[in-house]
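Since the structure comes first, as structure tokens, the remarks are kept for the end.
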Ligand SMILES: [Mn+2]
């Protein structure tokens with residue numbers, strides 16, 4: 002993207018004094034990394050920055066923040082955002098999404114308040130939430146778009162911000178193995194390493210620091226793996242009792258759907274998680290030509306072509322059958 006693309010965003014940020022920054026519900030590494038980097042860099046510019054999450058972040062991203070990040074609907078309510086607890090917010094930055102469906106409760110705030118909104122994203126534009134939107138679909142991660150913006154603006158990226166951006170980009174590319182891992186990813190991550198990022202240290206922190214309970218949850222899931230259609234579709238599930246027995250949390254399921262992609266024949270994989278409210282959360286991954294976003298959207302979900310998710314009604318067997326039929330249709 003050309004430098005001019007970033008000019009309106011830079012102008013918005015330069016004008017702002019009290020910035021609220023948030024991201025999609027069920028925040029992943031890209032989401033958390035962007036929020037942390039925005040907070041760090043904009044505070045360095047002398048601005049007040051209030052990070053806000055829409056659902057709890059996985060514990061393993063907490064090190065990116067100096068503070069506990071409040072969760073909307075849990076630690077703060079929509080009324081707090083308008084009612085002064087956060088001061089007069091004069092800019093909202095939303096990273097890694099541009100769709101209302103990914104912003105539960107925050108949507109209500111956006112629709113009643115009139116402050117400018119800046120979107121920094123890499124998904125297909127959906128709802129036109131922002132007065133200014135940088136939606137760079139060619140970017141592997143929102144963290145890349147953010148890094149380009151910060152670089153173009155000439156704002157100092159501290160080592161801590163560089164670390165957050167590296168986590169954003171590295172996690173969204175599956176630590177540089179997914180199809181979106183292009184030369185831009187490596188170039189920009191090389192820049193971040195030159196800024197002091199310890200890639201191996203971050204990898205260990207994120208991928209080799211499982212609690213035993215989380216590991217047990219993974220073991221429970223692996224026991225349910227079933228291959229269909231000549232091994233091209235892998236399904237697996239976790240039931241409520243798996244969480245009760247292991248003591249693991251629902252957010253501990255992040256990335257577990259990827260495990261069975263170690264099986265050579267697998268093209269599409271799905272993980273079904275039975276939630277406390279009885280609904281089934283389905284995460285879908287594709288390795289090549291099958292567009293799992295298309296499947297997720299059929300049921301009101303969404304994401305990317307290769308990684309998507311949706312919620313399905315109970316019971317588990319029924320939810321699994323629905324997805325099975327959709328996948329098999331596309332494999333034939
Ligand atoms: Mn992302």
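In the numbering used here, the protein residues as written are 2 to 333. For each residue, glycine too, the CB sits at the ideal point set by N, CA and C.
For residue i, does the three-state DSSP call read helix, strand or coil?
| i | result |
| --- | --- |
| residue 313 | strand |
| residue 282 | strand |
| residue 262 | helix |
| residue 152 | helix |
| residue 336 | This structure gives no information on residue 336, because the portion of the chain shown stretches from 2 to 333. |
| residue 209 | coil |
| residue 93 | strand |
| residue 226 | coil |
| residue 120 | strand |
| residue 52 | strand |
| residue 73 | strand |
| residue 143 | helix |
| residue 100 | coil |
| residue 1 | Absent from the structure is residue 1, since the part of the chain shown begins at 2 and ends at 333. |
| residue 4 | helix |
| residue 303 | strand |
Would you say residue i and residue j are within 7 angstroms of each other, going by their C-beta atoms?
| i | j | result |
| --- | --- | --- |
| residue 268 | residue 261 | no |
| residue 243 | residue 221 | yes |
| residue 275 | residue 317 | yes |
| residue 153 | residue 7 | yes |
| residue 315 | residue 273 | no |
| residue 172 | residue 186 | no |
| residue 344 | residue 63 | What is shown of the chain runs 2 to 333, which leaves residue 344 out entirely. |
| residue 105 | residue 23 | no |
| residue 10 | residue 95 | no |
| residue 107 | residue 73 | yes |
| residue 290 | residue 247 | no |
What residue range is occupied by the uninterrupted alpha helix (DSSP H) comprising residue i?
| i | result |
| --- | --- |
| residue 298 | 293-299 |
| residue 23 | Premise fails: residue 23 lies in the beta strand (DSSP E), 19-24, not in any alpha helix (DSSP H). |
| residue 191 | 184-195 |
| residue 167 | 160-173 |
| residue 81 | 79-83 |
| residue 112 | 107-113 |
Less than 7 angstroms between C-beta atoms, sequence neighbours within five positions excluded: which residues of the same chain meet that for residue i?
| i | result |
| --- | --- |
| residue 116 | 90, 91, 92, 93 |
| residue 148 | 166, 189 |
| residue 230 | 329, 332 |
| residue 196 | 158, 160, 163 |
| residue 210 | 61 |
| residue 109 | 79 |
| residue 299 | 327 |
Cutting at 6 angstroms between CB atoms, please list the residues of its own chain near residue i, excluding the five before and the five after it.
| i | result |
| --- | --- |
| residue 207 | 61 |
| residue 232 | 266 |
| residue 77 | 71 |
| residue 59 | 252, 255 |
Where does the unbroken beta strand (DSSP E) through residue i begin, and where does it stop?
| i | result |
| --- | --- |
| residue 133 | 133-136 |
| residue 235 | 234-239 |
| residue 271 | 269-275 |
Can you find the residues in the same chain that come closer than 8 angstroms, C-beta to C-beta, to residue i, ignoring five residues on each side of it along the sequence?
| i | result |
| --- | --- |
| residue 324 | 236, 271, 273, 283, 285, 296, 313 |
Q) Counting Cβ pairs, one atom from each stretch, are 3 or more of them under 8 angstroms apart for the region 50-61 and the region 29-39? A) yes
Q) Are there three or more Cβ pairs, one per stretch, closer than 8 angstroms when the region 141-155 is compared with the region 21-36? A) yes
Q: Answer yes if the region 152-165 comes into contact with the region 130-139, meaning at least three C-beta pairs across the two stretches below 8 angstroms, and no otherwise.
A: no
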